[in-house]
């Protein structure tokens, strides 16, 4: 059965247009509540969101749906996505919900669901919830005395900050470090500066004045211009950029250089290897640079690739007993502390390495020389990218030709935008650039 609503990371779309409407949110709450409601349980769901204007509309609809089927609801307000995974488990809720479209602009929104174990739902669970959406007569409404109770949960941010701070070794602090933090006018606009300040850092804040429409607007991990300028201006030791829901990170070092997720994973892995805390293989996706793979293997650790998507990374990590994985885009997953990517925890793990090694960011975050990598996006119209299906033989032939030259080609469709994404990687930059340009022209 093919999913109608859920994509690679929950349900996402333009706010107030199908499927991202209050009607869908209402029935999703009723369906998910019916599916997760258990006998002899507190039957509680927690709901967080980022700072988009449409978040209130979707939040109230979800609350109404859950309460209608007898689920108690705790409303957390603006809080990072990883906090939902952490708090769903610690509060022993049956379900956690995050309302966010991550790094997208304010016009979009999304709904992500987390199970009682704190992890995002499986494909099977999402399909079964969709089955209830398709057959609403199976949804069980509560009687008048069993309608769910709805309350605000005021301590959610404080609880999350304490979990985040605990990822640093006991007694290690950030005193003497000047850190610029760009919160993208998003979900972490209070928690990220708060945690850094309590750990002793001098904190320079940008992107901390959300107005409902400025999330990810010229700031955050998708636009590092402000962060780079502020790091140089304030002579900061590190610049940290989060996205709208704070599950991904980008870094600017003290020299103004941009650091991507691959170098961040390499740095954290190196420090974990040195302390004996790395378990299982390091898990990344097909988009991660070959230089990262070679570095991890050279240090004696295993390395595994998955399809794109932090959920795929986490599934592989759990399967192989890993505690570190992530994506080049900046989703870094440290399962010892969080159940999904967490930008602030990733930043603190890097900062911890800087303090312990008494090194600058540019030293700690320069573990390997990246292999030349060319990316190209092709926008398509319609419901499916038929341009790839029609050219499957050509794509496979190009992959084989590149592999024979020690290079890689990845062709995939975006799970959140109408794009076909091409990535070519190899030592001969001129060759891979020519190849990807020719392939893009052939299938466009």
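Residue numbers (our numbering): 749 to 1192. Where is the CB? At the ideal position from N, CA and C, for every residue including glycine. Values in this document were obtained by computation on a predicted structure and should not be read as measured data.
Query raised in the report: Smallest Cα separation from residue 706: which of 967, 927, 933 and 965?
Result: Residue 706 is absent from the structure shown; the chain starts at 749 and stops at 1192.
Requested in this report: Classify residue 930 as helix, strand or coil using the three-state DSSP reduction.
Outcome: Stepping through the chain shown from its first residue, residue 930 is reached at position 182. Of the three classes helix, strand and coil, the one that applies to residue 930 here is strand, per DSSP.
Query raised in the report: Once you ignore the five residues that flank residue 1027 on each side, which residues in its own chain have a CB closer than 7 Å to its CB?
Result: Indexing the chain shown from 1 puts residue 1027 at position 279. Answer for residue 1027: 1069, 1070 and 1071, listed in chain order.
Query raised in the report: Are residue 842 and residue 792 closer than 8 Å when you measure CB to CB?
Result: For this step, residue 842 is matched to residue 94 along the chain shown. For this step, residue 792 is matched to residue 44 along the chain shown. Taking 8 Å as the Cβ cut-off, residue 842 and residue 792 qualify as a contacting pair.
Query - Whole-number beta carbon distance between residue 846 and residue 829, since they are thought to touch under 8 Å - result: Along the chain shown, read from residue 1 onward, the residue named residue 829 stands at position 81. Along the chain shown, read from residue 1 onward, the residue named residue 846 stands at position 98. That belief holds up - the Cβ atoms of residue 829 and residue 846 are roughly 5 Å apart, short of 8 Å.
Query raised in the report: Hey, how far is the Cα of residue 833 from the Cα of residue 1094?
Result: Position 85 of the chain shown, counting from 1, holds the residue named residue 833. Position 346 of the chain shown, counting from 1, holds the residue named residue 1094. Rounded to whole angstroms, residue 833 to residue 1094 spans 16 Å at the Cα level.
Report task. Can you tell me the Cβ-Cβ gap for residue 773 and residue 816, rounded? I've got them flagged as a contact below 8 Å. Result -> On the chain shown, position 25 is the one that residue 773 refers to. On the chain shown, position 68 is the one that residue 816 refers to. Residue 773 to residue 816, Cβ: 12 Å. No contact.
Query raised in the report: With respect to the beta strand (DSSP E) encompassing residue 1125, which residues constitute its N-terminal and C-terminal limits?
Result: The count along the chain shown starts at 1 and reaches residue 1125 at position 377. From DSSP, the beta strand (DSSP E) with residue 1125 extends over 1121-1127.
Report task. Please name the residue or residues paired with residue 823 in a DSSP beta bridge. Result -> Here the question's residue 823 lines up with position 75 in the chain shown. For residue 823, which the question treats as bridged, DSSP gives the partners 795 and 900.
Query raised in the report: To the nearest angstrom, how far is it from the Cα of residue 869 to the Cα of residue 982?
Result: Reading the chain shown from its first residue, position 121 is the one you call residue 869. Reading the chain shown from its first residue, position 234 is the one you call residue 982. When rounded, the distance between both Cα atoms is 42 Å.
Query raised in the report: In angstroms, rounded to a whole number, what distance separates the CA positions of residue 930 and residue 883?
Result: Locating residue 930 in the chain shown gives position 182, where the first residue counts as 1. Locating residue 883 in the chain shown gives position 135, where the first residue counts as 1. Distance between the alpha carbons of residue 930 and residue 883: 44 Å.
Query raised in the report: How do the region 908-917 and the region 794-802 stand: do at least 3 beta-carbon pairs fall below 8 Å, yes or no?
Result: no
**Report entry** Range covered by the beta strand (DSSP E) that runs through residue 857
**Finding:** Your numbering for residue 857 matches position 109 in the chain shown. Looking at the DSSP string, the run of the beta strand (DSSP E) that includes residue 857 is 856-863.
**Report entry** Residues that DSSP places opposite residue 1054 in a beta bridge
**Finding:** Here residue 1054 refers to the residue found at position 306 when the chain shown is read from its first residue. According to DSSP, which records beta bridges pairwise, residue 1054 is partnered with 1033.
Query raised in the report: For residue 1159, which beta-bridge partners are listed by DSSP?
Result: If you number the chain shown from 1, residue 1159 lands on position 411. 1170, per the DSSP bridge assignment.
**Report entry** Top-ranked residue by Cα proximity to residue 835, from 936, 865, 1177 and 857
**Finding:** Within the chain shown, the letter at position 87 stands for residue 835. Residue 835 has its Cα closest to that of 865, out of 936, 865, 1177 and 857.
Query raised in the report: Taking the Cβ atom as the reference point for each residue, do residue 1092 and residue 943 lie within a distance shorter than 8 Å?
Result: Mapped onto the chain shown, residue 1092 falls at position 344. Mapped onto the chain shown, residue 943 falls at position 195. Going by C-beta atoms, residue 1092 is nearer than 8 Å to residue 943.
Query raised in the report: What residues match up with residue 1082 in a beta bridge as DSSP calls it?
Result: As a working note, residue 1082 is residue 334 in the chain shown. Paired residues: 1072.
Query - Alpha carbon of residue 1124 to alpha carbon of residue 1146, nearest angstrom - result: For this step, residue 1124 is matched to residue 376 along the chain shown. For this step, residue 1146 is matched to residue 398 along the chain shown. So the alpha carbons of these two residues sit roughly 15 Å apart.
Query - residue 1074 vs residue 1057 beta-carbon contact at 8 Å - result: Locating residue 1074 in the chain shown gives position 326, where the first residue counts as 1. Locating residue 1057 in the chain shown gives position 309, where the first residue counts as 1. No, the Cβ-Cβ distance between residue 1074 and residue 1057 is not below 8 Å.
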